[in-house]
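Q: Per full-length UniProt numbering, the very first residue in the sequence shown carries number 1; after that it's consecutive.
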Amino acid sequence: MPRSTLTYPPEWADIYMPKNYIQSDWFNSIDDPITLIELQDTLSSLPNNKASGPSSITYEDIKYLDNHTKNFLVEFFNLILTYHTYPKEWNEALLFPIPKPKDWDCHINNI
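Quick look at the structure:
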């Protein structure tokens, strides 16, 4: 891993240069605790009828939790952010390749 932009390959240099348009105040609230309203807004934005993960818990299961349980989730997520520790199982995923309906010859325009 390069330690400065001077050691990046030339074709990557522009990508990793500091961006002048990024404002430092954009990050002022990044460490603020998650609120119940934020959790509810996020849950309401999730699509329905999607496959569950290895836990068999669907988005609908979480959406329809009572407020007491949602408050518990908020506390749990905030503890994760505070202590920078999360369940190791969250590093795991099941990936299932879905074949394309037609041959695409590895060209994105053919999808």
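Glycine residues also receive a C-beta, built at the ideal position from the N, C-alpha and C atoms.
Report the rounded CA-to-CA distance for K63 versus P47, giving the unit in angstroms.
A: For the purposes of this step, residue 63 is taken as the residue at position 63 of the sequence shown. For the purposes of this step, residue 47 is taken as the residue at position 47 of the sequence shown. Cα to Cα, K63 sits roughly 10 angstroms from P47.
Q: DSSP on Q23, reduced to helix/strand/coil?
A: Start at 1 with the first residue of the sequence shown, and residue 23 comes out as number 23. Q23: coil per DSSP, three-state reduction.
Q: Find the nearest neighbour of D32 within the set E89, T85 and N78, judged by alpha-carbon distance.
A: As a working mapping, residue 32 is identified with position 32 in the sequence shown. Cα-wise, what sits closest to D32 is N78.
Q: Just to confirm the assignment, what range does the alpha helix (DSSP H) spanning N71 have?
A: Stepping through the sequence shown from its first residue, residue 71 is reached at position 71. N71 -> alpha helix (DSSP H) spans N67 to Y83.
Q: Inspect the CB distances between the stretch 67-84 and the stretch 34-50 and report whether three or more fall short of 8 angstroms.
A: yes
Q: To the nearest angstrom, how far is the alpha carbon of P101 from that of K50?
A: As a working mapping, residue 101 is identified with position 101 in the sequence shown. As a working mapping, residue 50 is identified with position 50 in the sequence shown. Distance between the alpha carbons of P101 and K50 is about 20 angstroms.
Q: According to DSSP, is T58 helix, strand or coil?
A: As a first step, residue 58 must be located in the sequence shown, where it is residue number 58. If DSSP states are grouped into helix, strand and coil, T58 belongs with coil.
Q: Quick check on E92: does DSSP put it in helix, strand or coil?
A: On the sequence shown, position 92 is the one that residue 92 refers to. Coil.
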